[in-house]
Amino acid sequence: MPTTITSFRKDLRSVSGGVEPKKNATKVSTAATTTTTATAATTKSRKVRKIRSQSRRSFPTQQIRRKGKGGSRENEVKQKSNIANALVEDKYLAEKARDCLVSTLESMVKLNFSEGIRSIHWGGATLIMRAYALLVYRAGIGAGSSPGSGSKFVERAMRAIHALVSVVVTQQNQVDEKCVKSLSTFEENNRTENTSSSKAVSKPSAPANVSDQFCIMALCAATITCAEFPPIGNNSHAQIFMESDASEACWSCLLSLLKLSSSHLYSVFLSRIAAFIAAEDATELRRLVIINSSLTDVFDNGRFAVGMDEHLSPPQAATTEDAEKSLKDEAFFNFCRWASPKLQDVQWSNLVKSGLTPDALSTDVMAVVDAMRRCHATDNELDELVKNTLNDASRCEVLFYHQTGVLVFLTNAVDMLLKRSEPRIPIVSPIQLERLTSKITWQQCTRNHNNNSLDLANENNERRCQFVLQVVYAFVFFDKIEDSAFAIDPRSLPLTEALDFCNFCVEGKKERDVFGIRCIHSKLKALTLKHCPEIMEMPLSSTKNPMNYGLIISDEGAITPDRVFITIRECLQGNSRTDPSGCRAERFFFQSRMHFHSAIIDTKAACALLSTRHSPPPFFTYSALCRDPLVLLKCHISVWKCKGLRRIILSILRRALDANEYITYETAPTKEVALEILSVRDTIVARCLLIAGSGSFVIGNGRKEASSPIHCPMTMGFIRSMVARQKGLVAMLLKQGLPEGAVDWLVEFVPESLLDAPLITSCLSERNSLTAAERLTMADAALRIAIVHGSRDESEAQPLTYAALTVLVSSFFLVLGPIGVPVNVICEEGGQDVTQVCRKATFRMLKAMQKIRGSRVSLKNEVNMALSKIAGLCKSEGVMTGVVGIIASKRKSLLKEIWDAVTRANNAMGGTLQI
Numbered sequence: 030m031p032t033t034i035t036s037f038r039k040d041l042r043s044v045s046g047g048v049e050p051k052k053n054a055t056k057v058s059t060a061a062t063t064t065t066t067a068t069a070a071t072t073k074s075r076k077v078r079k080i081r082s083q084s085r086r087s088f089p090t091q092q093i094r095r096k097g098k099g100g101s102r103e104n105e106v107k108q109k110s111n112i113a114n115a116l117v118e119d120k121y122l123a124e125k126a127r128d129c130l131v132s133t134l135e136s137m138v139k140l141n142f143s144e145g146i147r148s149i150h151w152g153g154a155t156l157i158m159r160a161y162a163l164l165v166y167r168a169g170i171g172a173g174s175s176p177g178s179g180s181k182f183v184e185r186a187m188r189a190i191h192a193l194v195s196v197v198v199t200q201q202n203q204v205d206e207k208c209v210k211s212l213s214t215f216e217e218n219n220r221t222e223n224t225s226s227s228k229a230v231s232k233p234s235a236p237a238n239v240s241d242q243f244c245i246m247a248l249c250a251a252t253i254t255c256a257e258f259p260p261i262g263n264n265s266h267a268q269i270f271m272e273s274d275a276s277e278a279c280w281s282c283l284l285s286l287l288k289l290s291s292s293h294l295y296s297v298f299l300s301r302i303a304a305f306i307a308a309e310d311a312t313e314l315r316r317l318v319i320i321n322s323s324l325t326d327v328f329d330n331g332r333f334a335v336g337m338d339e340h341l342s343p344p345q346a347a348t349t350e351d352a353e354k355s356l357k358d359e360a361f362f363n364f365c366r367w368a369s370p371k372l373q374d375v376q377w378s379n380l381v382k383s384g385l386t387p388d389a390l391s392t393d394v395m396a397v398v399d400a401m402r403r404c405h406a407t408d409n410e411l412d413e414l415v416k417n418t419l420n421d422a423s424r425c426e427v428l429f430y431h432q433t434g435v436l437v438f439l440t441n442a443v444d445m446l447l448k449r450s451e452p453r454i455p456i457v458s459p460i461q462l463e464r465l466t467s468k469i470t471w472q473q474c475t476r477n478h479n480n481n482s483l484d485l486a487n488e489n490n491e492r493r494c495q496f497v498l499q500v501v502y503a504f505v506f507f508d509k510i511e512d513s514a515f516a517i518d519p520r521s522l523p524l525t526e527a528l529d530f531c532n533f534c535v536e537g538k539k540e541r542d543v544f545g546i547r548c549i550h551s552k553l554k555a556l557t558l559k560h561c562p563e564i565m566e567m568p569l570s571s572t573k574n575p576m577n578y579g580l581i582i583s584d585e586g587a588i589t590p591d592r593v594f595i596t597i598r599e600c601l602q603g604n605s606r607t608d609p610s611g612c613r614a615e616r617f618f619f620q621s622r623m624h625f626h627s628a629i630i631d632t633k634a635a636c637a638l639l640s641t642r643h644s645p646p647p648f649f650t651y652s653a654l655c656r657d658p659l660v661l662l663k664c665h666i667s668v669w670k671c672k673g674l675r676r677i678i679l680s681i682l683r684r685a686l687d688a689n690e691y692i693t694y695e696t697a698p699t700k701e702v703a704l705e706i707l708s709v710r711d712t713i714v715a716r717c718l719l720i721a722g723s724g725s726f727v728i729g730n731g732r733k734e735a736s737s738p739i740h741c742p743m744t745m746g747f748i749r750s751m752v753a754r755q756k757g758l759v760a761m762l763l764k765q766g767l768p769e770g771a772v773d774w775l776v777e778f779v780p781e782s783l784l785d786a787p788l789i790t791s792c793l794s795e796r797n798s799l800t801a802a803e804r805l806t807m808a809d810a811a812l813r814i815a816i817v818h819g820s821r822d823e824s825e826a827q828p829l830t831y832a833a834l835t836v837l838v839s840s841f842f843l844v845l846g847p848i849g850v851p852v853n854v855i856c857e858e859g860g861q862d863v864t865q866v867c868r869k870a871t872f873r874m875l876k877a878m879q880k881i882r883g884s885r886v887s888l889k890n891e892v893n894m895a896l897s898k899i900a901g902l903c904k905s906e907g908v909m910t911g912v913v914g915i916i917a918s919k920r921k922s923l924l925k926e927i928w929d930a931v932t933r934a935n936n937a938m939g940g941t942l943q944i
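Okay, here's the thing in structure tokens:
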């Protein structure tokens, strides 16, 4: 019949209802079949709607999936579990499923022979092979002689897998020939090019093998089938296994897979399988096969996920499937007993070692971890592998970003080393780490604000990754053997910068993509908190926020540590006329810390500060400074007078004291001993800073140098933080004695000194710990603290005031001296005049009473009572008779001075006391 082609709209409603078609549509019809076509289309539409309606009623999960991802995932898992249970319970259904999958594999083989190797889609073949492996593992191979059960099924499946593996070999040979031709062409072209070209030329690499995933899944499927085959796996007590056509097919297929030379991905997986078979480790073999068959996705960013391992997961509690797993382990054990004698030990060893190469390590580190645990290779071979890997920056970058088990690899490398006898020399030495640290610029580890991403394509980034892996290896070794001669000093390494770098790499990424980096970061952070926690308490590194030092950065580029050293030396020797205050040296110091590790800068600056004009600079390491930070107090007086140099040494001293605190706690036999050592240390440091701040220097043989007090905010903050943190520090300083200028500086700039009021009160109340002169001197400082800072806490200030005034009143006769003898007749063992010391302290206390201001009633009452007692003592001593001459006149003159001081103090408080 003639056929007419016209325009029409493909709408069943228009066809059935007779609606006119729109323009620019195409219509194919015949005069005889128009009505039939319309009726058939309407009937088909009704059937589709009916099927959809029935499917909604039959499968309610379709509605549940729309509620959210959580419900969809749970129902998907439930459906898979139901399917697996149905296959296990229904043997007929399992038989049909096995027959269907094997027939599909056989059809692929036939399609290959008819249309060529390009006709096979390896992604689909991998999925079918995965379904086959899971089906055989859960439902077994069945029994009987049908095509989908028993030995006949095994023979069919193994021959089909063997044939597909042969196709892989053929395809790989063709790819290798193309690679050889491409490489030869590249070399010829490269020889003809100009060698002075500025562009770098790289060799072409072989194309990726798309059948790697299929080969790995085929190896898993063959292993599971051989373990489930009755002549191999059922009789656990048999020593001689039955040989049949099916068993020969199993071995032929398995042997072809063992001899298959594919990419590093397959070689690593094959080495792990071969290691477990040779060692007859059925449990680990079963876990590895099942993990790669079901517990991970077939494709993971274009590659098979063989990096994950159950060693990275915490142990799980026993379940009801333990009995089934035990039977499976027995079946896999029989498979290992059957397969291991078929190859010589050397052949198994070669298969295992095929995955122990640096390139294979970049593919999957777990093969090397298994080799370390089971000693599948010699110590020298494993050491050489670890050494070549950690010394190659590009390989370290691949491991850092793309391997989830890199931390397990590093820790097992250290454990393998510790199992040996002495000497245990680590692969990463402290000198090697220091050399690598000097080549890294941490400041470049900053975010690009335009795309919020890191610039990772540079050589410096490779070195950062290499440093992180090396420092984790060395840190784990240090954690195991701290007293080793080859252990590192973690405080001398840029751990803060390394932790910040790891944080940069995981920010905004999915947990699965950065799982390995998170493990490394957690381990490095835990070791840092354990051995040098003060590093974690320091401010964030300047690499994370390069604007921290924006006010002091100049256009002079990166300042090296040697340049900082030279600048400080020039400032000390007076050769730098442009920097008399040391501010340029300070700017260089902080700017250099942005580009180099703080430990290096601190060490260089400390050596320069401890040098003098007439002596060479001493040599110190950062470890030595942390173990003895008091050596920094040996710097010249000119350092404390120069504000730039003073701020530098205070910055270094703060970090050294923090590190020394944790070192003391680690090395001291008990906590009480450590606290005592730290108390003595802080007392020395605070005393030196107080003397330097007040300008009370003593040079040479007791000669004092006049100097004005230093009003340095950094010095004040340093001392205040020490006083607030160390309870009893002020009491200890006053008990040991301070110069008057240092006491005045302490009272004026350290309000936290009131915190030690109870301890100072206790010291003043005791009469056996201090001499009379020392007690009165301490009372002077205590009264000043109560007057200046007592308004903060009157409950603490009132007992302190009472104790100080009690000492003042009781020391009145020491101020006057004995009657009838010279006033300086009472001396201490060192020759110091007690009377003169007491007299000076008394007049200082009376002068301090003149500074009482405000409505401090309790304080004024205590002072008035003390003044009235002193005035009464002056009156009674003034009317004494029997003393004449020069001594009497001096005594009366002294009483007159005391009376006048009491009167001035009374007048300053408003004259409320009637004298």
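Residue numbers (the numbering used here): 30 to 944.
A virtual CB, placed ideally from N, CA and C, is assigned to each residue, including glycine.
Can you grab the Cα-Cα spacing for the pair residue i / residue j, in whole Å?
i, j, result
"Ser43", "Cys244", "Summary for Ser43: the model assigns pLDDT 37, below 50, so the residue's position carries little reliability; its value from the coordinates is reported in the next sentence. Rounded to the nearest angstrom, the two C-alpha atoms are 54 Å apart."
"Gln376", "Val194", "20 Å"
"Gly1013", "Leu385", "Residue 1013 falls outside the range modelled here, since the chain spans only 30 to 944, and no answer is possible."
"Ser680", "Arg616", "13 Å"
"Cys867", "Thr806", "7 Å"
"Val443", "Tyr502", "7 Å"
"Ser840", "Ala786", "21 Å"
"Tyr166", "Lys552", "37 Å"
"Trp928", "Ala900", "6 Å"
"Ser794", "Ala934", "25 Å"
"Ser84", "Ala113", "Annotation note: pLDDT 38 at Ser84 (below 50); position unreliable, no value reported."
"Leu829", "Arg821", "13 Å"
"Glu272", "Lys554", "57 Å"
"Gly770", "Gly722", "9 Å"
Looking at the unbroken alpha helix (DSSP H) that takes in residue i, where does it start and where does it end?
i, result
"Gln602", "Pro590 to Gln602"
"Pro742", "Pro742 to Arg754"
"Glu451", "Here Glu451 belongs to no alpha helix (DSSP H), and DSSP marks it neither H nor E."
"Phe619", "Cys612 to Arg622"
"Ala653", "Tyr651 to Arg656"
"Met158", "Trp151 to Ala168"
"Thr806", "Ala801 to His818"
"Met395", "Met395 to Arg403"
"Cys792", "Ala786 to Ser794"
"Asp272", "The amino acid at residue 272 is misidentified as Asp; the sequence shows Glu. That residue, Glu272, is in no alpha helix (DSSP H); it is neither H nor E in DSSP."
"Gln461", "Pro459 to Thr466"
"His560", "Phe544 to His560"
"Ala832", "Glu823 to Ser839"
"Cys425", "Ala422 to His431"
"His293", "His293 to Ala307"
"Glu690", "Lys672 to Thr696"
Going by the DSSP bridge assignment, what does residue i pair with across the sheet?
i, result
"Leu644", "Here residue 644 is Ser; the residue named in the question, Leu, does not match the sequence. In the DSSP output, where bridge partners are listed per residue, Ser644 has Thr641."
Assuming residue i and residue j form a contact by the criterion Cβ under 8 Å, report the distance between their Cβ atoms to the nearest whole angstrom.
i, j, result
"Lys633", "Val593", "6 Å"
"His626", "Thr470", "About 11 Å separates the two Cβ atoms, so there is no contact after all."
"Leu294", "Ala251", "Incorrect: roughly 18 Å between the Cβ atoms, too far for contact."
"Asp274", "Glu184", "6 Å"
Okay, do the segment 387-404 and the segment 413-433 touch, 3+ Cβ pairs below 8 Å being the bar?
yes
Inter-stretch contact at 8 Å, needing at least 3 Cβ pairs: the segment 428-445 / the segment 493-509
yes
Flag this pair as touching only if the segment 808-821 and the segment 877-884 have three or more C-beta atom pairs under 8 Å; answer yes or no.
yes
Could you check whether the segment 502-516 touches the segment 442-460, counting it as contact only if at least three pairs of C-beta atoms, one from each stretch, sit closer than 8 Å?
yes
Validate contact between the segment 693-700 and the segment 743-751 using beta carbons, cut 8 Å, 3 pairs
no
If contact is defined by three or more beta carbon pairs under 8 Å, each pair taking one atom from either stretch, is the segment 531-543 in contact with the segment 634-647?
no
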